[in-house]
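Presented below is the structure to which this report refers.
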Amino acid sequence: MAPTREMSLETKERIVKLLEEGNSSRMVAKDVGCSQSAVSKIWTKYKQHGMVVKAKRTGRPRKTSKRQDKQLKHKWEEAGANVCDRTVRNRLKEMGFQYRKAKRKPSLTPKHKRTRLQWAKERQSWTVDDWMKVIFSDESRICIGQGDDAGTFVWCRSSEIYEEACLKKTTKFPQSLMIWGCMSGKGTGEMTVVNSSINAQVYIDILDSFLIPSIEQMFGDNEIIFQDDNASCHRAKTVKAFLGERHIQSMSWPANSPDLNPIENLWWKLKKMVHKKAPTCKADLATAIKESWHQIDAEYCLSLIKSMPQRLKAVIKAKAPVLRPPFER
Numbered sequence: 001m002a003p004t005r006e007m008s009l010e011t012k013e014r015i016v017k018l019l020e021e022g023n024s025s026r027m028v029a030k031d032v033g034c035s036q037s038a039v040s041k042i043w044t045k046y047k048q049h050g051m052v053v054k055a056k057r058t059g060r061p062r063k064t065s066k067r068q069d070k071q072l073k074h075k076w077e078e079a080g081a082n083v084c085d086r087t088v089r090n091r092l093k094e095m096g097f098q099y100r101k102a103k104r105k106p107s108l109t110p111k112h113k114r115t116r117l118q119w120a121k122e123r124q125s126w127t128v129d130d131w132m133k134v135i136f137s138d139e140s141r142i143c144i145g146q147g148d149d150a151g152t153f154v155w156c157r158s159s160e161i162y163e164e165a166c167l168k169k170t171t172k173f174p175q176s177l178m179i180w181g182c183m184s185g186k187g188t189g190e191m192t193v194v195n196s197s198i199n200a201q202v203y204i205d206i207l208d209s210f211l212i213p214s215i216e217q218m219f220g221d222n223e224i225i226f227q228d229d230n231a232s233c234h235r236a237k238t239v240k241a242f243l244g245e246r247h248i249q250s251m252s253w254p255a256n257s258p259d260l261n262p263i264e265n266l267w268w269k270l271k272k273m274v275h276k277k278a279p280t281c282k283a284d285l286a287t288a289i290k291e292s293w294h295q296i297d298a299e300y301c302l303s304l305i306k307s308m309p310q311r312l313k314a315v316i317k318a319k320a321p322v323l324r325p326p327f328e329r
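Heads up: the sequence shown begins at 1 in full-length UniProt numbering, then just goes up one per residue.
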């Protein structure tokens, strides 16, 4: 038998009104188009509760048991439940799962994972004071309009999606600038716009003009450890010789590990700050970058350095897969 349609609240109220006026249940049933037994049930409930009661909707019945739900968490096909896609989504939501956009992270080979794990274990005893002696560096490219990569959401009707106020403008080939910068737990160091491709000699000029003054400003004559990644220009023999001549100790760095470098968080913050200034040309972009760089406070840099022990613990616990930085970006 097909399920009967639920009677509307208005119909129930009409039935009660007709009965209160002295009409018979047969006449009322004929008037509203329902069975006489349905009229009697509504009248009985009305007398019990003193009001017209709206029926509780039980919703779609469950097609899986609690035991099957537990099995579902591990493997749906082992549950033996004949369910539709919606049921699968509902059960996953009940278990705390959410449908999310996958995070983009560098691909790691088994060798990368072993190197990351070894690197983390060698420094797992380092305290925040130890990490305060490290100066982190990197290059990054900043584009005009960059900074809202997470997407822009607007409230609009389906007929309004292409209206001017509901659009996010994009540029096919946005103007951009490459920058180099460094930071430590004491704050930001020097930053410069790089107007050419970076080879070993250009990198040496950057270190000589901007790293050395940053070290002198933040650390004076104290010993420091310099961090940069494994880009070919960073690992050139001439670069190693330059650092050796200036008695700068260089830190080994695991490949494909930007998540371990706190300056990546700083780049994210810098790009957001630049985006808010809304530069429209390269000259404006360069000005916005320099102004934003000097506006980054030392407290923020210190909080990034304090996250280093936690990052290493996460690598060791996860046995070296790429991790989401503990410090919320």
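The beta-carbon is built from N, C-alpha and C at its ideal position, and this holds for glycine as well. Bear in mind that the values here come from a model prediction, so they are computed numbers and not experimental data.
Residue from the options whose Cα sits closest to the Cα of residue i
i                 : options                        : result
serine 250        : Phe136, Glu291, Phe97          : Phe136
isoleucine 263    : Lys113, Thr188, Glu122         : Thr188
lysine 133        : Met218, Glu13, Ala38, Ser252   : Met218
isoleucine 142    : Trp43, Ala283, Asp297          : Ala283
arginine 67       : Leu19, Ala200, Arg91           : Arg91
phenylalanine 210 : His234, Gly181, Arg235         : Gly181
leucine 260       : Lys271, Ile289, Gln310         : Gln310
tyrosine 46       : Cys34, Ile15, Asn23            : Ile15
threonine 280     : Pro174, Glu291, Gln48          : Pro174
lysine 290        : Ile179, Phe226, Ile198         : Ile179
alanine 288       : Cys301, Tyr300, Lys272         : Lys272
asparagine 199    : Cys166, Lys237, Lys319         : Lys237
isoleucine 212    : Met183, Ser196, Ser197         : Met183
methionine 7      : Arg26, Val28, Gly22, Cys34     : Cys34
isoleucine 225    : Ser252, Trp119, Val239, His234 : Ser252
isoleucine 42     : Glu13, Gly220, Gly22           : Glu13
Cβ-based burial, residue i [other Cβ within 10 Å; buried from 16]
i              : result
asparagine 230 : exposed
tyrosine 203   : buried
histidine 247  : exposed
lysine 17      : exposed
proline 325    : Note that proline 325 scores a pLDDT of 49, beneath 50, so its modelled location is shaky; the value from the coordinates is reported in the next line. Buried, by the Cβ-count rule.
serine 232     : exposed
histidine 275  : buried
tryptophan 293 : buried
asparagine 222 : exposed
glutamine 201  : exposed
isoleucine 161 : exposed
alanine 241    : exposed
tryptophan 155 : exposed
alanine 150    : Low confidence applies here, because alanine 150 scores a pLDDT of 46, under 50, leaving its location unreliable; read the following figure in that light. By the neighbour-count rule (16 or more Cβ atoms within 10 Å), alanine 150 is not buried but exposed.
valine 239     : buried
cysteine 166   : exposed
glutamine 48   : exposed
aspartate 208  : exposed
glutamine 227  : buried
aspartate 148  : Summary for aspartate 148: the model assigns pLDDT 48, below 50, so the residue's position carries little reliability, and this model does not support an answer.
lysine 93      : exposed
Beta-carbon spacing of residue i, residue j below 8 Å
i                 : j              : result
lysine 176        : isoleucine 206 : Checking the sequence, you will find serine at residue 176 rather than lysine. Taking 8 Å as the Cβ cut-off, serine 176 and isoleucine 206 do not qualify as a contacting pair.
alanine 298       : lysine 121     : no
glutamate 139     : valine 193     : no
isoleucine 296    : lysine 277     : no
phenylalanine 312 : glutamine 98   : Here the sequence assigns leucine to residue 312, which means phenylalanine is not the residue at that position. No, these two residues do not count as a Cβ contact at 8 Å.
valine 32         : threonine 11   : yes
glutamate 190     : serine 214     : yes
Contact belief for residue i with residue j at Cβ below 8 Å, rounded distance in angstroms
i              : j             : result
proline 254    : histidine 112 : 7 Å
arginine 89    : valine 315    : At roughly 33 Å, the Cβ-Cβ gap does not stay under 8 Å, so arginine 89 and valine 315 are not in contact.
valine 52      : leucine 9     : 6 Å
asparagine 265 : proline 106   : Contact flag wrong, Cβ pair sits at about 16 Å.
Can you confirm whether the segment 300-312 touches the segment 113-132 when touching is taken to mean that 3 or more C-beta pairs between the two stretches lie within less than 8 Å? yes
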